[in-house]
Amino acid sequence: MQQRTFPCPRCGKPATWENNEFRPFCSERCKMIDLGAWANEEYRVPTQDSPSRQDSSFEDD
Numbered sequence: 533m534q535q536r537t538f539p540c541p542r543c544g545k546p547a548t549w550e551n552n553e554f555r556p557f558c559s560e561r562c563k564m565i566d567l568g569a570w571a572n573e574e575y576r577v578p579t580q581d582s583p584s585r586q587d588s589s590f591e592d593d
């Protein structure tokens, strides 16, 4: 049976799920690039909450 492939969420290259220690990425490189993007706050999780008073005080600086 042929392994199913899926696109790497970082580069789009076909990757396999089984026996892939970096899944859902195709490689350690793509995994680390994605982690770096989260660390640099390039991604954001949407929220319905409005900023708290404490958060808005930072905007005045």
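When the letters of the sequence shown are read in order and numbered with my numbering, they come out as residues 533 to 593. Glycine is no exception: its CB is placed at the ideal position from the N, C-alpha and C atoms. These numbers come from a predicted model, not from an experiment.
Distance between residue j and residue i (C-alpha atoms, nearest Å)
i	j	result
Arg561	Thr579	30 Å
Lys557	Gln535	The sequence given here places Phe at residue 557; Lys does not occur at that position. Computed Cα separation, rounded: 16 Å.
Cys543	Ala571	18 Å
Glu553	Ala569	20 Å
Asp566	Ser559	11 Å
Arg576	Lys545	24 Å
The alpha helix (DSSP H) enclosing residue i, as first and last residue numbers
i	result
Lys563	560-571
Exposed unless 16 or more other CB atoms sit within 10 angstroms - verdict on residue i
i	result
Ala547	buried
Closest residue to residue i among the options (Cα-Cα distance)
i	options	result
Glu550	Asn572, Phe538, Glu574, Leu567	Phe538
Endpoints, beta strand (DSSP E) assigned at residue i
i	result
Thr579	Unbroken run through Thr579: none, as it is neither H nor E.
Phe538	537-539
Pro546	546-548
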